[in-house]
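Peer 1:
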Amino acid sequence: MNDVVISQSSSLHRLSSSFIVHPSSFPGSFILHRSNVLVSPPVAHPVSWQTVSDLFVVVWDDGHESYYPLETLRRACPCAACSGEPDLFGRMSKGPPPRYTPASFQLLSMTQIGNYALQPMWADGHGYGMWPYERLRRSAHVMSVED
Ligand SMILES: [Zn+2]
Numbered sequence: 622m623n624d625v626v627i628s629q630s631s632s633l634h635r636l637s638s639s640f641i642v643h644p645s646s647f648p649g650s651f652i653l654h655r656s657n658v659l660v661s662p663p664v665a666h667p668v669s670w671q672t673v674s675d676l677f678v679v680v681w682d683d684g685h686e687s688y689y690p691l692e693t694l695r696r697a698c699p700c701a702a703c704s705g706e707p708d709l710f711g712r713m714s715k716g717p718p719p720r721y722t723p724a725s726f727q728l729l730s731m732t733q734i735g736n737y738a739l740q741p742m743w744a745d746g747h748g749y750g751m752w753p754y755e756r757l758r759r760s761a762h763v764m765s766v767e768d
């Protein structure tokens, strides 16, 4: 069990839990005890995406498919207005809670930003939320109905 091949991000979770991490002995660093190798998860990229009924479906380049309910995806919008963001003093600044209408959960389009993120445009005019691939993929574990 010393040779560990990391093929996708989910493998890292297994790796992290099976190795002993000592953050306190190495402040600020993340050392895997047995391998002494710094591992960063490879980021999967979406190769195609489409809306099917009330689901946003992503096919990833590692063959994985993720299904995001549109309403869940919108409610998890990562933009500053919806999620808040820390100000200069680390306090969370957040406006009033978002008001949703049925149009809030209709996806008009999904724009690819460079080669690192997808940005949804919702039918109520909201389109600030940007989903970096890594975050979108990671969110599939909590959002996806079939993952
Ligand atoms: Zn938002």
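Straight run, no breaks: the sequence shown in this note's numbering ends on number 768. Just so you know, even glycine gets a beta-carbon here, dropped at the ideal spot from N, CA and C.
Closest by CA to TRP743, which one among ASN736, ILE734 and LEU729?
Peer 2: Here the question's residue 743 lines up with position 122 in the sequence shown. The residue with the shortest Cα to Cα distance from TRP743 is LEU729.
Peer 1: Less than 9 Å separating the beta-carbons of TYR749 and HIS666?
Peer 2: As a first step, residue 749 must be located in the sequence shown, where it is residue number 128. As a first step, residue 666 must be located in the sequence shown, where it is residue number 45. Contact: no.
Peer 1: Kindly provide the ranges of any beta strand (DSSP E) runs that are 3 or more residues long and lie completely inside the region 685-738, ordered along the chain.
Peer 2: 686-690 and 728-734
Peer 1: With respect to the alpha helix (DSSP H) encompassing VAL763, which residues constitute its N-terminal and C-terminal limits?
Peer 2: Within the sequence shown, numbered from 1, the residue matching residue 763 stands at position 142. 754-764 is the extent of the alpha helix (DSSP H) around VAL763.
Peer 1: In chain order, what residues of the same chain lie with their CB nearer than 7 Å to the CB of CYS703, ignoring the 5 residues before and after it?
Peer 2: Against the sequence shown, residue 703 aligns to sequence position 82. Excluding positions up to five away in sequence, the list reads PRO719 and GLY750.
Peer 1: Hey, how far is the Cα of ILE734 from the Cα of PRO741?
Peer 2: Position 113 of the sequence shown, counted from the first residue, corresponds to residue 734. Position 120 of the sequence shown, counted from the first residue, corresponds to residue 741. Answer to the nearest angstrom: the Cα atoms are 10 Å apart.
Peer 1: Where does MET751 fall in DSSP's three states?
Peer 2: If you number the sequence shown from 1, residue 751 lands on position 130. In this structure, MET751 counts as coil in the three-state DSSP scheme.
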